[in-house]
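K.L.:
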Amino acid sequence: MYIADKKDEAQRLKRSPLYVAVDARFLGITLTIFIVILTIKSELLSSWLIATQLILSIPLWIAALASQSKIVDTQSLRKYYTLSKFSSSIALAFIYNVLGLLVIRYVFISTGLIFFLLFLIYQIYHTVYHIKIGKMNRTFRDILLMLILIFGGILPSLKIIYF
Numbered sequence: 052m053y054i055a056d057k058k059d060e061a062q063r064l065k066r067s068p069l070y071v072a073v074d075a076r077f078l079g080i081t082l083t084i085f086i087v088i089l090t091i092k093s094e095l096l097s098s099w100l101i102a103t104q105l106i107l108s109i110p111l112w113i114a115a116l117a118s119q120s121k122i123v124d125t126q127s128l129r130k131y132y133t134l135s136k137f138s139s140s141i142a143l144a145f146i147y148n149v150l151g152l153l154v155i156r157y158v159f160i161s162t163g164l165i166f167f168l169l170f171l172i173y174q175i176y177h178t179v180y181h182i183k184i185g186k187m188n189r190t191f192r193d194i195l196l197m198l199i200l201i202f203g204g205i206l207p208s209l210k211i212i213y214f
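For the sequence shown, the working numbering assigns the number 52 to the initial residue and increments by one for each residue that follows.
1. Using the rule of at least 16 other Cβ atoms within 10 Å of the residue's Cβ for burial, across every protein chain shown, is S93 buried or exposed?
2. Leaving out five residues on either side along the sequence, give the residues of the same chain with a beta carbon under 6 Å from the beta carbon of L78.
3. Put I80 into one of helix, strand or coil per three-state DSSP.
4. Given that a residue counts as buried once 16 or more other Cβ atoms are within 10 Å of its Cβ, and exposed if not, what is P110?
5. Which runs of the alpha helix (DSSP H) fall wholly inside the region 81–121 and span at least 4 residues, in chain order?
6. Out of curiosity, what's the CA-to-CA distance linking I211 and Q104?
7. Under 7 Å, do I101 and V149 count as touching if we go by C-beta distance?
8. Let me know the secondary structure DSSP gives I212 once reduced to three states.
9. Quick check: what's the CA-CA separation for L195 versus I141?
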């Protein structure tokens with residue numbers, strides 16, 4: 052193992068509690084959005100694409116939390132880090148899609164498309180940066196997130212793909 056890899060692992064171990072806290076907050080936000088929609092206006096979940104992405108993000112955040120909280124040493128880091136990052140990335144993409152689709156459906160289509168565009172630009176920037184520094188696992192995660200954003204949010208909002 053290279054020295055850089057060991058340094059990377061040490062940083063990941065140190066940041067693990069921070070990731071747990073962030074993922075817990077996102078889970079709280081997701082549950083809050085879900086409960087508010089159910090209690091105030093449940094017809095917002097009439098679109099199966101919005102409902103599916105919102106509901107699936109909950110177990111993905113829980114999986115990210117559970118796997119991240121199991122990281123206590125380098126053995127568990129190798130086991131659970133990838134699962135944690137992919138779970139939280141997919142859940143985050145689902146939440147962005149839900150928010151964007153709700154804005155497009157109930158506010159303005161242009162505002163929703165700007166929302167998606169800003170997030171897509173942010174992801175492209177990070178993907179290019181990860182390619183430059185040679186972090187291929189992060190690059191794959193970024194590309195997966197962009198694909199979910201495009202096929203689960205942008206194309207359905209433009210009515211190119213119907214769900």
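For each residue, glycine too, the CB sits at the ideal point set by N, CA and C.
P.N.:
Based on what the coordinates show:
1. exposed
2. W112
3. helix
4. exposed
5. 99–120
6. 18 Å
7. yes
8. coil
9. 8 Å
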